[in-house]
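Working notes for the structure below.
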Amino acid sequence: QQKVQQSPESLTVSEGAMASLNCTFSDGTSNNFRWYRQHSAKGLEVLVSIFSDGEKEEGRFTAHLNRANLHVSLHIREPQPSDSAVYLCAVLNTGYQNFYFGKGTSLTVIP
Amino acid sequence: EAAVTQSPRNKVTVTGGNVTLSCRQTNSHNYMYWYRQDTGHGLRLIHYSYGAGNLQIGDVPDGYKATRTTQEDFFLLLELASPSQTSLYFCASSDALWGGYEQYFGPGTRLTVL
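Written out as structure tokens, the structure is:
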């Protein structure tokens, strides 16, 4: 079973500073990774999907994947208070039609 | 954009009660999922289905039944609810995830079992 761990559990940044979130996983054969944002226990909004090593940018959100290091990160450029939410990392379980999720990083952006 | 709706949005029941959570998607996705979200555990898969009449067991299926009656409708059944099933439940739908398709989530149902 894929193990997905996120760090830090919580992060506070000032508006405009870069926010960096980390996610490690246990099975390096997966090739399908997602970052989601969740506001106040509401539905999940997909931010970035990445399928190969390297970088994928979607607006202010950039994901970096390094499968050899079992690591995927999310960087948020110029975060705003409205970006305050829980960010979830999801890794597709190889051979199954299912994502495994981390427990999330709670991000607070202060004005 | 894909639409996934859930009902009810909030539900309170008592221990031993019978609860049905409903999910509908309107984009003819093959796959539908039920997850629960709890503090300290993230999202965990309960059951999923790849078509009407199909059911696959997820990672935390105990105490739950599910039924996919149509392409659009997926139900989660708690026949003898227990306080440990108090949680936020999400339904999702997608086409084949290994093909890079997105998984779309509903707004969630908050269930409290007293």
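Protein chains in written order, with the working numbering: chain A, 2 to 112; chain B, 25 to 138. Backbone N, C-alpha and C fix where the C-beta goes; we use that ideal spot for every residue, glycine too.
Looking at the C-beta of residue i, does it have a partner C-beta in chain A at a distance below 8 Å?
i	result
B/Tyr-72	yes
B/Pro-32	no
B/His-53	no
B/Gly-66	yes
B/Gln-49	no
B/Gly-77	no
B/Gly-124	yes
With DSSP as the reference, label residue i as helix, strand or coil.
i	result
A/Ser-83	helix
A/Gln-3	coil
A/Leu-1	The structure shown does not extend to residue 1 of chain A, since chain A is modelled only from 2 to 112, so the question has no answer here.
B/Leu-121	helix
B/Leu-138	coil
A/Glu-58	strand
B/Met-56	strand
B/Tyr-72	strand
A/Tyr-101	strand
B/Asp-86	coil
B/Val-43	strand
B/Lys-35	strand
Flag residue i as yes if its beta-carbon sits less than 8 Å from any beta-carbon of chain B, otherwise no.
i	result
A/Ser-53	no
A/Lys-57	no
A/Gly-103	yes
A/Ser-85	no
A/Asn-23	no
A/Val-47	yes
A/Gln-98	yes
A/Ser-11	no
A/Ser-50	yes
A/Leu-66	no
DSSP beta-bridge partners for residue i?
i	result
B/Gly-66	B/Asp-62
B/Gln-109	Answer by DSSP bridge pairing: none, since B/Gln-109 is not bridged.
A/Arg-35	A/Ser-50, A/Ala-91
A/Ser-11	A/Ser-107
B/Asn-78	Paired residue(s): none; B/Asn-78 is not in a bridge.
B/Arg-92	B/Phe-98
A/Thr-25	A/Gln-6, A/His-72
With 16 as the cutoff for other CB atoms within 10 Å, does residue i come out buried or exposed?
i	result
A/Gln-81	exposed
B/Ile-81	exposed
B/Ser-118	buried
A/Gly-29	exposed
A/Ile-111	exposed
A/Val-5	buried
B/Tyr-56	With the sequence shown as reference, residue 56 of chain B is identified as Met, and Tyr is not the correct amino acid for it. Classification of B/Met-56: buried, given that the 10 Å Cβ count is 16 or more.
A/Asn-94	buried
A/Asn-67	exposed
B/Gln-127	buried
Going along chain E, which residues have a C-beta under 7 Å from residue i?
i	result
B/Gly-130	Looking at the structure shown, chain E is missing, and the protein chains on hand are A and B.
Less than 7 Å separating the Cβ of residue i from some heavy atom of the ligand MG?
i	result
B/His-71	For the ligand MG, the structure offers nothing, since it holds no ligand at all.
Contacting positions in the segment 80-109 of chain B - beta carbon closer than 9 Å to chain A: Result list: Gln-80, Gly-82, Asp-83.
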